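First the structure, in the form of structure tokens, and then the observations on it.
Numbering (the UniProt record's numbering), first residue to last: 1 to 145.
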């Protein structure tokens, strides 16, 4: 009887000890994992915020440069208009220069340099042959008789 009690008591104690150790390990290990995950999440969020700030800075710089470019273009156009008014010798030349300067020249369709010929034959993808000569696909083609 003592032997059967020992057979049941040892596995039961081992089970209780295993559950207790598992409980303690489960309490300690998950506390480290969320901290690591939270750190990774914070790092990713910080990198994302930095990236967003860089994008905003880039587009602000681009907008400022485009504004500066537009102002420079306007200054060049004003300079050319003033030069056309001051330096053109006659009224017709002045009018033509100012019209060319201020016109929003619509793009006219480009014309072909050489129009296609009427009866142009498409290129052949085979060698020409004499009327009664065997073609290249003939089984006797190229063989000497």
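Beta carbons: idealized from backbone N, C-alpha and C, even for Gly. Every value quoted in this text rests on a predicted model; they were computed, and no experiment measured them.
Under the rule that 16 or more other beta-carbon atoms within 10 Å means buried, what is residue i, buried or exposed?
i           : result
residue 133 : exposed
residue 20  : exposed
residue 99  : exposed
residue 84  : buried
When you compare the CB positions of residue i and residue j, do they come within less than 8 angstroms of one another, or not?
i          : j          : result
residue 88 : residue 97 : yes
So, under 8 angstroms CB-CB, residue i and residue j are touching, yes? Tell me the CB distance rounded to an integer number of Å.
i           : j           : result
residue 146 : residue 101 : One cannot answer for residue 146 here, as it falls past the ends of the chain, which runs 1 to 145.
residue 135 : residue 129 : 6 angstroms
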